[in-house]
Each structure stands twice: as C-alpha cells, then as structure tokens.
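Remarks on the structure that follows.
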Amino acid sequence: MELNRRSVLAAIGAGTAAAALSGCGGGSTAAGKADGPAEGEITLLTPIYEGANGKTLLEEKILGGFRKKYPDVKVNVDYTTYAQLNEKITTGLAGGLLPDVLMMGVGWIPPFAAKKAIAELPETLASAHDYEKRVLEPSRYEGKLYALPVVLDTRIVVYRKDHFAEAGIKKTPADWAELRAVAKQLTRDGRIGFDPFSIELRQCWETFLFANGGQLFSADGKKVLFTDARGVEALQFFKDLVKDGSADYAKKTDIGTPSNVQTGKASMMMTSSALWVQAKEQNPELIEDDKLGAFVLANRRPAMLQGGTLVTQAARSRHPAAARALVEYLATPESILGAAEQRGSVPGLRDLDDTGYVKENQFVDLSLQNLQHAVSEGGTAAWMEIREKIKPTLEPAIVGDQSAKDAIAELGRLAEAAIGRM
4 MELNRRSVLA AIGAGTAAAA LSGCGGGSTA AGKADGPAEG EITLLTPIYE GANGKTLLEE
64 KILGGFRKKY PDVKVNVDYT TYAQLNEKIT TGLAGGLLPD VLMMGVGWIP PFAAKKAIAE
124 LPETLASAHD YEKRVLEPSR YEGKLYALPV VLDTRIVVYR KDHFAEAGIK KTPADWAELR
184 AVAKQLTRDG RIGFDPFSIE LRQCWETFLF ANGGQLFSAD GKKVLFTDAR GVEALQFFKD
244 LVKDGSADYA KKTDIGTPSN VQTGKASMMM TSSALWVQAK EQNPELIEDD KLGAFVLANR
304 RPAMLQGGTL VTQAARSRHP AAARALVEYL ATPESILGAA EQRGSVPGLR DLDDTGYVKE
364 NQFVDLSLQN LQHAVSEGGT AAWMEIREKI KPTLEPAIVG DQSAKDAIAE LGRLAEAAIG
424 RM
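So the sequence shown is numbered by the numbering used here: it starts at 4 and just counts up by one.
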C-alpha cells in the first residue's frame, strides 16, 4: 500500500501506529527501559539548531561534550524543520524507522505517547534540574514523564516605545478594550496599530483564547472546550481589529525578515522572545536607543502561550541506553543555554535565570517573570490532527465573510471528530 502523508496521519489517528511500530529495531522490549552501557550508533531528529551556526553549536559544542562523556556512542543528526517534522515522524513510525532520539513541539507528547511511539522516562529526571512546574507539564502524558524541555518559545506583545511616547500613551493596554483603543490611536499614515498575524494564526488565536479565560480541551483531553463564548470572542476580536483598520492580515511578515515593529510599519505585534535577537542583528539601534518594550497579553486574565521544543526517546531504540544518555545530555543547563542563545528562546530552568543571556534579552526576562501565566497548546492525543486544521478553518473568518461563531463551531466539529477517532 502506498504510504502518503494523508494515509500515515489517518493510520496514526485510527490507532494502527502501534502495529507499525512493532517493525522497529530490537533492543529494548519494554518502553522506557535503558539498561546496559551507553554505546552504539543512534540518530537524533531535530527541527532546531538551524543554519550553519546552529549546526556548529550542536555538532561541535554540544555533541562534542557528549562524545567526551560517552565515547562509545556515535550520533547521526537528521535535520528537519517544524513544517516537515510531523510528517517525518509519522512516516518513520509507519515504516518502522523512527530515530532513536526526537525533538518535538509542545503539545506533541500526548499523541505520540498514546501510540507508544516514545518511551516513558524515569520520574527522577523531572527533578534533576530546577524546572518550573508549568515547563514540565507538556512533557507528560497521563501523569507520566515522556520528555524533557530544551527551550521555550513564549508569545508576548512587543511594542514601539517611541510610537507610544509620540501618541502620549503612558501605559501598556491592560485588557482588550484598551488594546483596541490604543491600536486605533496608533494607526496612522500607513502604519497599523497592531500586528497579531505575523505569528502562526493557530498560536495567535490560542493566546487570545487563554487571555480570555478559555481553554482548548478538558483535563483528560476528550472534550472540546474552545467552542464557548471565550473562543468566539477571541476570533471576533481579530475581525474587529481588521474592521477598525488597525490590523491587516495581508501585511504580516515572514519569520526571519524584518518585522513590522522593527520597520515601524506597526506599533505593536504578537511575537516571541526571539525578536530581541533578531532586532539586535538587523536593527541594533532599536535596542541601543531603548525603543522596544514588551508586555503579556491580558483580558480576563494574563496569558502567555508557551510553545517550545522537547526531547524524547523512541520506545524501541536499538540502543536505549545511548538514546537515554543523549536525551539527558540535551536537557542539561549547558546544552539548553546554548540552544536558547542561538534561537533567542527562553531556557526553562531556574538554574539559568541569572545568566547574562537572560538578563540581556529583555523579552526572555519578561517571559521568565511571567511563567505563572504560561499556558501550553495541545492537551489531547488527537492534537496532531487538530493543530493542522486550526489555521485553514479560522482564516476565512478573518479574510472573508464567515462569522467568528460559525468558524469556531466548524473547528469544534472537526476537533470532536478527531478525538472520537482516537
């Protein structure tokens, strides 16, 4: 049978992944078992450590230290992107060729743990370093530990202090009513007041949902909760901004290119802590002249979306002890700090709060100070199917005539169907 992307995803959703997994290599017959010496040849699949600098960091510095500690382990690195990661994992799972160590996004652990694709980790690893409780939550499934956090990617609002000063605005918006009013006030001469759309629409809507007091799913991941008024209001707010002329879906910028806040084409935008590093490289004068500020989105409550990258171990690695050793090493403070610095991300360890990197990157510092307001996406074993449908289902309500209520209802039906197939 031909294994295209759709058939693989359908197999995962229908529960046949476990059968596909049985074709993986030998070694550990029980998920999570990693007895014996760390030795052998293993593969690491990663969507981070991008570009030449990232490759040098991983292969020379991080894996160089790993090789000194574990000279009998050879690590082959398979680089990919987040856009291709899900397909690569599910195709490898169906074909019995899953890499030994995998780096995944927040929300991804329940789907792959439910299909027994990844190994349970010893609970002792959860206390090996000083993790914030919320940072570890996405690493668990049904209360058991399956991954360790490497870097966090929070979603915050960055604004131009000089634009605020010119308009006589003395404080950042405390709720959506103030945000809408300030966005209107700042919109002038071709400049939009607020750009919420240059991050993933999925993550943007989720952040607004959480700030509105809403939730994606029930605690057991089996019931859709975002279809209530909180979810509709979050999407409607985008429509209202567009109607006001203070936001424009067509003016979003691509990742890595100078953002609308950097170029002055927007006064506020939803973004991540990585914008600090990007601005420092592309527009250092904005940092030097203290023109960039940031705040956590709030309405019924403050909320900061917590994304990021986790590291986990394949359930049936041929060399489970070597794989476990690499998982632990990639989650050490030294490895985490290097990855965070390279990406401009948030390190999820209190051990690193006082480092020069954290103190210098004001957006990272803000994120760490507000981790009590962090909320993660995902929360259901059906997440990998649902996440792909959020943007195309909600987008017509922003760029077309579909109502926010109808778009959210449709997404709810799709999510309920996906959960029902688990």
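Each residue gets a CB set at the ideal place from its N, CA and C atoms; glycine is no exception. None of these values were measured; they are calculated from a predicted model.
* If you draw a straight line from the C-alpha of Glu123 to the C-alpha of Ala150, how long is it? -> 8 Å
* **Residues near Pro399 in its chain [Cβ-Cβ closer than 8 Å; skip 5 each side]** => Gln405 and Ala410
* Are there 16 or more other CB atoms within 10 angstroms of the CB of Lys118, so buried, or fewer, so exposed? -> buried
* Could you have a look at Arg353 and say whether DSSP puts it in helix, strand or coil? => helix
* Three or more beta-carbon pairs under 8 Å between the segment 93-101 and the segment 67-80, yes or no? -> no
* To do: Compare the Cα-Cα distances from Gly267 to each of Lys173, Arg183, Gly217 and Leu289 and report the closest residue.
  => Leu289
* According to the neighbour-count rule (16 or more other Cβ atoms, all chains shown, within 10 Å of its Cβ), is Leu100 buried or exposed? -> exposed
* Check each candidate in Tyr52, Val80 and Ile121 and name the one with the smallest Cα separation from Ala37. => Ile121
* Over what stretch of residues does the beta strand (DSSP E) that includes Asp156 continue unbroken? -> Ala150 to Arg163
* Asked: Quick one: what does DSSP say Pro199 is sitting in, helix, strand or coil?
  -> coil
* **Residue from Asn56, Glu140 and Ile45 whose Cα sits closest to the Cα of Gln375** => Glu140
* Using DSSP bridges, identify the partner residues of Tyr82. => Thr49
* Leaving aside the five residues before and after Asn56 along the sequence, list all residues of the same chain whose C-beta is less than 7 Å from its C-beta, in chain order. => Gln345
* To do: Grab the span of the beta strand (DSSP E) containing Thr210 for me, first residue to last.
  => Premise fails: Thr210 lies in the alpha helix (DSSP H), Leu204 to Ala214, not in any beta strand (DSSP E).
* Asked: Which of helix, strand or coil does DSSP assign to Lys147?
  -> strand
* Ser379 classed as buried or exposed, judged by whether at least 16 other C-beta atoms fall within 10 angstroms -> buried
* Do you know how far the Cα of Lys187 is from the Cα of Gly347? -> 30 Å
* **Cβ separation of Thr190 and Ser249, assumed to be a contact under 8 Å, to the nearest whole Å** => 4 Å
* Beta-carbon contacts of Phe200 that lie in its chain and below 6 Å, excluding the five residues immediately before and after -> Tyr252 and Lys255
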